[in-house]
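Chains as they are written, first to last, in UniProt numbering: chain A, 1 to 578; chain D, 1 to 578.
Glycine included, each C-beta is placed from N, C-alpha and C at the ideal position.
Only a predicted model underlies this, so the values are computations on that prediction, with no experimental measurement involved.
What follows is a short report on a single structure.
Number of protein chains: 2
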Amino acid sequence: MNPYQAPLGEMRFLLEHVFNAEATWQGLASLEGMVDMDTALAILEEAAKLNRDLVHPINRPGDEEGVGFSEGKVTTPKGYKDAYDAFVEGGWIGLCGDPEYGGMGMPKMLGVLVDEMGYSACNAFNLYGSLTAGAALAINAHGAEALKAKYLPKLYSGEWAGAMDMTEPQAGSDLRHIRTRAEPQEDGSYLVSGSKIFITGGDQDLTENVIHLVLAKISGSNSLSLFLVPKIAVDDNGNLAEPNGVSVGSIEHKMGLKGSATCVMNFDGARGWLIGRENKGLACMFTMMNYERLAIGIQGLGSAQAAVQMASEYAKERLQGNAAGSSNAADPILVHGDVRRMLLTIKTLTDAGRALAVHTGKQLDLAKFAEDEIQVAKASRYVGLLTPVAKAFLTDRGLDITIMAQQVFGGHGYIRETGIEQLVRDTRIAQIYEGTNGIQAIDFLGRKVTGDNLATLKEFVAEHIEVLSDACDKANALKAGFAAFTEVAAWINDNKLTRPALINAVAVDMLDAFGYLLYGYYHLLMRNTAIAAGSELAPAKEAYCDFYFAKLLPKAEALLSAAKAGDELLMSLPEAYF
Amino acid sequence: MNPYQAPLGEMRFLLEHVFNAEATWQGLASLEGMVDMDTALAILEEAAKLNRDLVHPINRPGDEEGVGFSEGKVTTPKGYKDAYDAFVEGGWIGLCGDPEYGGMGMPKMLGVLVDEMGYSACNAFNLYGSLTAGAALAINAHGAEALKAKYLPKLYSGEWAGAMDMTEPQAGSDLRHIRTRAEPQEDGSYLVSGSKIFITGGDQDLTENVIHLVLAKISGSNSLSLFLVPKIAVDDNGNLAEPNGVSVGSIEHKMGLKGSATCVMNFDGARGWLIGRENKGLACMFTMMNYERLAIGIQGLGSAQAAVQMASEYAKERLQGNAAGSSNAADPILVHGDVRRMLLTIKTLTDAGRALAVHTGKQLDLAKFAEDEIQVAKASRYVGLLTPVAKAFLTDRGLDITIMAQQVFGGHGYIRETGIEQLVRDTRIAQIYEGTNGIQAIDFLGRKVTGDNLATLKEFVAEHIEVLSDACDKANALKAGFAAFTEVAAWINDNKLTRPALINAVAVDMLDAFGYLLYGYYHLLMRNTAIAAGSELAPAKEAYCDFYFAKLLPKAEALLSAAKAGDELLMSLPEAYF
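And the structure:
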């Protein structure tokens, strides 16, 4: 296998032509002068080199060795510390961080591409930095000035790491059942006690300190508040002081992500500070959730891209069977229609997935940086609509893609040393954590689509789909598809009050239908843009678009049929039938 | 988790009502008097007990420990030997074996159900017996009388094991490239030399001897012949003599099936005996392939059933969130529509899969035991048509099902100790080995559907689908679906000569479309049969049938759309696009 190569040409094409990055950045006061295409491309090239030369080489060995845990200490696999040091030295954790506290202030539509590379190179390793960036985001959005000044520079620099502590054994998707308690102290701090599970990067041996963001209930309250709880206390000068009652109970043994420490965390009267307001912890979490959910979507995208690359390479090298009429002893398996079907399926899903990631990143940037309130509000609505799709559809398709890529390898795909099976195991979790994909779908259909009686959906379709040329068959197919989707959504909206189980029962079918339609839009957009720009990519983009519309888009209709069947088929059955 | 419980009620319903087992057996001279429903049910109950009490308990520990390899010796995980001894003591390996050589002569439509239990209880363990039964089948079909008398009783009894040695590094799907050679000796034996990879059960510490069936080329020939090569030579009295130049080079480290030894086998002038005729090795392999492919399909079914059971149990116990209007602190997650969607999806796919397995087993029995030549020929055609579907569709859906069951577990599904992730890893290989599912699809569409210009397909549809009541919406939907399938198949048949890449390019879409339609037929059949029999299962079968037709059957149409797109979209693209 060749080393990982970032798809820089695709990335550049999306930024430069499809999503007009430079014009977008020039129109935003906070970004103007800070980033242009040249800067962006230089950043992408640097990230590509780092991930190829330093991160990807630790991916396979780290899976074999896994994380260690002994006498309360977590150890990461060999090579992780060196790669981490190089990674933070480049300032990558603070790439999209607030410049006021040492972040680089780069736009998210660039950040998503860097993140894709990190996940392609090594799912497990990239999570450490991703969690830190997520924690920094929450602190920056809701923390008091003193907390920001004290913690953000160390998080952006990677000197300290961040972790999100939400889940407890009895409180997973349903956080109401959290039992961790916070006792208010006279100095304004809190003493936090309780146990958390499934804490990614809960501890490690890469950084001196870990800054935990802990969801807990203030004594006497049944609502959730968010607390910053450092593993090691930090004194007024920002230096490390004494241990803070935060310890690792154990680490989980998992299907994959073996280089990432998934910890049981115990807080024994650990001193913490409130982030945001009392009893408003969930609101604070939601602020960062759009970013984190997109980041996890990109785990699916990064795995997909790595899988596409491996399968494509294997298909060109592996000799078995013959093309029709060939007189060779054997041809590369790329000559077989079924192998081509698999490669084009995973390639077209991955390319459209990257477009979705950049598009969502762009809306996040507009929502954050635009000065026009109307523009900010609209971008925020689009972020809301696209984010659950990005999280769920990128990770569901991500797993499909890694599995299909594994199939291209035949028996060799089942052998560990080939590496493709690791991608399947590593990326599987992305459909589950940061809100299961079922939860994403309910958020999508219940809050984002029907929550405003389809207003945002219709606005999105009007702006993106209805403007497509009427002279194009594919555009008409998309218009019909989105119209059918809107019709089913309207039916759900009309019935949601009288049939309270309806949204939950059909949400996944609806999210998937929307996802397949949206990917059709991105393929048509990429095709049209490439042609209009006279890009050398145009013939390939046309071919991918043709393939996607003929072979994959029909799934949307089947999913809408399934959704139209409603909830009674499921909800009326007695427990014994399950 | 509760111990594995075989779905005996479902199995009985299929045999007794859906596929009229007793009447079928009474109509076949070789089976009449040997097996009736009471015997069959007693066998199923015994198998259920064995797999629950002895086999399932070694499943998780065997995955953790894995197979060992040291100084040329393979060791199976702790507990395998005890379970194996109990397994062979019951005569299970010879269940469907030839009574003349010590087999029990039971019908395959019963055997598939026993095999399902074995794979549900432990994928890795069940393979050892399955390979032995497969090897015995090939020897019985094509071996000389002396070989049969010498080897079959020891294989049926499980005293010795069997292995199939086909793949070499350069010869996987394309067996023409096999390099293993056989030198004819004066005594009629051959000396076999070469190296084989991916040999399941190539060696182990469960049996004293392993009987290898090796595909090799006789010196001077470029065609394949099949040889029986024992690990330890067997003298004229059937006693073990000296080692026979058969050794294990290494074992593979795999994604799953860690209790199953996947060996590199070296043959260094190992003495072997021809099975069947010189240069007709592939024909001998094909005889057994229908059985082996069905057996691997059943690996997918067994994994699916285990996953259904685990997910169903978890969904009834795990408390998170609330049903609409509930005032409980929390309800079991079974109250959520999306969880019900997942459970019903995996349950209805698994139930229909079992029907496909029994139906295929019944056709194998008719082809083997019927005396009427016309009946034998028809059953053989149906075996040909159904077998690639059973292998590919049962294993593809098997993986889907284990993954969806894992999703029901949320974060706990990713943790090894829960056990559900092991099912995903163990069953993944079934889509690859014994002919990849792409190869199955090409066999299905190229040989079975278009090979006789749709004659068998039309015969099958006329006998099974066209006879359904015209007064039933679902029957009409199936008729329309199969008619649409036949129409696309006819178009492919008409164009297969002028477009030689067409079949390869659309085969998987066509097999999947047929599979979804066929599952619709089985659901309608189960529903109608349950009602007609006044079975207490009738209301549940109606509910499953409704669910399947509304939520899953629409996939068939999307797949036919994809197939209709043809091959040019894929075949016209230059290598650089991949």
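How far does the alpha helix (DSSP H) with Met-104 (chain D) in it extend, from its first residue to its last?
Position 104 of the second sequence, counted from the first residue, corresponds to residue 104 (chain D). Looking at the DSSP string, Met-104 (chain D) is not in any alpha helix (DSSP H), and its letter there is neither H nor E.
Could you check which residue in A:Thr-180, A:Leu-110, A:Ser-469 has the C-alpha nearest to that of Asn-222 (chain A)?
Counting from one through the first sequence, the residue named residue 222 (chain A) turns up at place 222. Distances from the CA of Asn-222 (chain A) to each of A:Thr-180, A:Leu-110, A:Ser-469 were compared; the closest alpha carbon is that of A:Thr-180.
Span of the beta strand (DSSP E) around Gly-68 (chain A):
For this step, residue 68 (chain A) is matched to residue 68 along the first sequence. Run containing Gly-68 (chain A): 68-70, per the beta strand (DSSP E) assignment.
Quick one: is Ile-199 (chain A) near chain D, going by C-beta distance under 7 Å?
Here residue 199 (chain A) refers to the residue found at position 199 of the first sequence. False, the Cβ-Cβ gap to chain D never drops below 7 Å.
Would you kindly report the start and end of the unbroken alpha helix (DSSP H) that includes Trp-25 (chain A)?
Counted from its first residue, the first sequence places residue 25 (chain A) at position 25. Residues 21-26.
From Thr-456 (chain D) to His-464 (chain D), what distance separates their C-alpha atoms?
The residue given as residue 456 (chain D) occupies position 456 in the second sequence. The residue given as residue 464 (chain D) occupies position 464 in the second sequence. Each residue's Cα considered, the two are about 12 Å apart.
So who's on the other strand from His-212 (chain A), going by DSSP bridges?
Along the first sequence, one-based indexing puts residue 212 (chain A) at 212. Paired residues: A:Ala-163, A:Val-229.
For Arg-293 (chain D), count neighbouring C-beta atoms within 10 Å of its own C-beta (all shown protein chains included) and say buried if the count is 16 or more, exposed if not.
Here residue 293 (chain D) corresponds to residue number 293 of the second sequence, with the count starting at 1. Buried is the call here.
Under the three-state DSSP convention, the category Ile-251 (chain A) falls into
Locating residue 251 (chain A) in the first sequence gives position 251, where the first residue counts as 1. It is a strand residue.
Of all the options D:Gly-103, D:Phe-198, D:Arg-176, D:Leu-28, which has the alpha carbon lying nearest to the alpha carbon of Ile-432 (chain D)?
Locating residue 432 (chain D) in the second sequence gives position 432, where the first residue counts as 1. Answer by Cα proximity: D:Phe-198.
Smallest Cα separation from Asn-279 (chain A): which of A:Phe-227, A:Ala-538, A:Ala-270?
Translated into the one-based positions of the first sequence, residue 279 (chain A) becomes position 279. Of the listed residues, the one whose Cα sits closest to Asn-279 (chain A) is A:Phe-227.
Just confirm the distance between the C-beta atoms of Val-383 (chain A) and Ile-251 (chain A), as a whole number of angstroms; I'd bet it's less than 8 Å.
As a first step, residue 383 (chain A) must be located in the first sequence, where it is residue number 383. As a first step, residue 251 (chain A) must be located in the first sequence, where it is residue number 251. Between Ile-251 (chain A) and Val-383 (chain A) the Cβ distance is about 34 Å, and since that is not below 8 Å, they are no contact.
Chain-order list of residues whose beta-carbon lies under 6 Å from that of Arg-381 (chain A) (same chain, five-residue window excluded):
Position 381 of the first sequence, counting from 1, holds the residue named residue 381 (chain A). Thr-456, listed in sequence order.
Look at the Cβ atom of Thr-348 (chain A), then the Cβ atom of Tyr-544 (chain A), and state whether they are nearer than 7 Å.
On the first sequence, position 348 is the one that residue 348 (chain A) refers to. On the first sequence, position 544 is the one that residue 544 (chain A) refers to. In this structure, Thr-348 (chain A) lies near Tyr-544 (chain A), with their beta-carbon atoms less than 7 Å apart.
Tell me, please, whether the CB atom of Asp-338 (chain A) is closer than 7 Å to any CB atom in chain D?
The sequence position of residue 338 (chain A) within the first sequence is 338, counting from 1. Asp-338 (chain A) counts as touching chain D.
Taking Cβ-Cβ distances shorter than 7 Å, what residues in chain D pair up with Glu-421 (chain A)?
Counting from one through the first sequence, the residue named residue 421 (chain A) turns up at place 421. Residues of chain D passing the Cβ test: Met-255.
How is Phe-578 (chain A) classed by DSSP in three states: helix, strand or coil?
Residue mapping note: residue 578 (chain A) aligns to position 578 of the first sequence, counting from 1. Residue state, collapsed to three classes: coil.
Since Trp-491 (chain D) is in the beta strand (DSSP E), which residue starts that stretch and which ends it?
Position 491 of the second sequence, counting from 1, holds the residue named residue 491 (chain D). Here Trp-491 (chain D) belongs to no beta strand (DSSP E); instead the alpha helix (DSSP H) covers 473-495.
Which residues, in order along the stretch 548-576 of chain D, keep a beta-carbon less than 7 Å from a beta-carbon of chain A?
Ala-550, Lys-551, Pro-554, Lys-555, Glu-557, Ala-558, Ser-561, Ala-562, Ala-565, Asp-567, Leu-569, Leu-570, Met-571, Leu-573, Glu-575
Would you kindly check if the distance between the Cβ of Ala-513 (chain A) and the Cβ of Asp-567 (chain A) is under 7 Å?
Counting from one through the first sequence, the residue named residue 567 (chain A) turns up at place 567. Counting from one through the first sequence, the residue named residue 513 (chain A) turns up at place 513. For Asp-567 (chain A) and Ala-513 (chain A), no; Cβs fall outside 7 Å.
Could you check what DSSP says for Tyr-80 (chain D) in three-state terms: helix, strand or coil?
Walking along the second sequence from the start, residue 80 (chain D) turns up at place 80. Helix.
Using the beta-carbon of each residue, which ones in chain A are nearer than 7 Å to Asp-174 (chain D)?
Here residue 174 (chain D) corresponds to residue number 174 of the second sequence, with the count starting at 1. What Asp-174 (chain D) touches in chain A: Gln-320, Gly-321, Ala-330.
Where Leu-191 (chain A) falls: helix, strand or coil (DSSP):
Translated into positions along the first sequence, residue 191 (chain A) becomes position 191. The answer is strand: DSSP assigns Leu-191 (chain A) an E or B state.
Going along chain A, which residues have a C-beta under 8 Å from Asn-504 (chain D)?
One-based indexing of the second sequence puts residue 504 (chain D) at position 504. The contacting residues are His-336, Gly-337, Asp-338.
For a contact meaning CB atoms closer than 8 Å, what does Ile-442 (chain D) contact in chain A?
On the second sequence, residue 442 (chain D) is found 442 positions in, with the first residue counted as 1. Those are Asp-338, listed as they occur along chain A.
Below 8 Å on the Cβ atoms is my guess for Gly-438 (chain A) versus Asp-338 (chain D); work out the distance and round it to an integer in Å.
One-based indexing of the first sequence puts residue 438 (chain A) at position 438. One-based indexing of the second sequence puts residue 338 (chain D) at position 338. Indeed, because the Cβ distance is near 4 Å, the residues count as touching under 8 Å.
DSSP-derived helix/strand/coil call for Asp-235 (chain D)
Residue numbering aside, residue 235 (chain D) sits at position 235 when the second sequence is read from its first letter. In this structure, Asp-235 (chain D) counts as coil in the three-state DSSP scheme.
Say whether chain A places a C-beta atom closer than 7 Å to the C-beta of Gly-411 (chain D).
Translated into the one-based positions of the second sequence, residue 411 (chain D) becomes position 411. Output row for Gly-411 (chain D): interface = yes.
Straight-line gap, Glu-16 (chain A) to Gly-9 (chain A) (C-alpha atoms, nearest Å):
The residue you call residue 16 (chain A) lines up with position 16 of the first sequence. The residue you call residue 9 (chain A) lines up with position 9 of the first sequence. So the alpha carbons of these two residues sit roughly 10 Å apart.
Chain A within 7 Å of residue 579 (chain D), Cβ atoms only
The structure shown does not extend to residue 579 (chain D), since chain D spans only 1 to 578, so no value can be given for it.
Give the range of the beta strand (DSSP E) segment to which residue 596 (chain A) is assigned.
Because chain A here runs from 1 to 578, residue 596 (chain A) falls outside it and cannot be looked at.
Whose Cβ in chain D lies nearer than 9 Å to the Cβ of Lys-316 (chain A)?
Locating residue 316 (chain A) in the first sequence gives position 316, where the first residue counts as 1. The answer, in chain order, is Glu-575, Phe-578.
Within 7 Å of any Cβ in chain D, is that where the Cβ of Val-74 (chain A) sits?
The count along the first sequence starts at 1 and reaches residue 74 (chain A) at position 74. It does not: the Cβ of Val-74 (chain A) has no partner Cβ on chain D nearer than 7 Å.
Considering only their Cβ atoms, is the gap separating Ile-298 (chain D) from Ala-357 (chain D) smaller than 7 Å?
Indexing the second sequence from 1 puts residue 357 (chain D) at position 357. Indexing the second sequence from 1 puts residue 298 (chain D) at position 298. Yes, the Cβ-Cβ distance between Ala-357 (chain D) and Ile-298 (chain D) is below 7 Å.
By Cβ distance below 7 Å, which residues in the same chain neighbour Leu-240 (chain D) in space, the five residues on each side in sequence not counted?
Position 240 of the second sequence, counting from 1, holds the residue named residue 240 (chain D). These residues qualify, in order along the chain: Glu-208, Asn-209, Ile-232, Val-234.
Would you mind stating whether Ala-6 (chain A) and Ala-42 (chain A) have Cβ atoms separated by less than 7 Å?
Counting from one through the first sequence, the residue named residue 6 (chain A) turns up at place 6. Counting from one through the first sequence, the residue named residue 42 (chain A) turns up at place 42. In this structure, Ala-6 (chain A) lies away from Ala-42 (chain A), with their beta-carbon atoms at least 7 Å apart.
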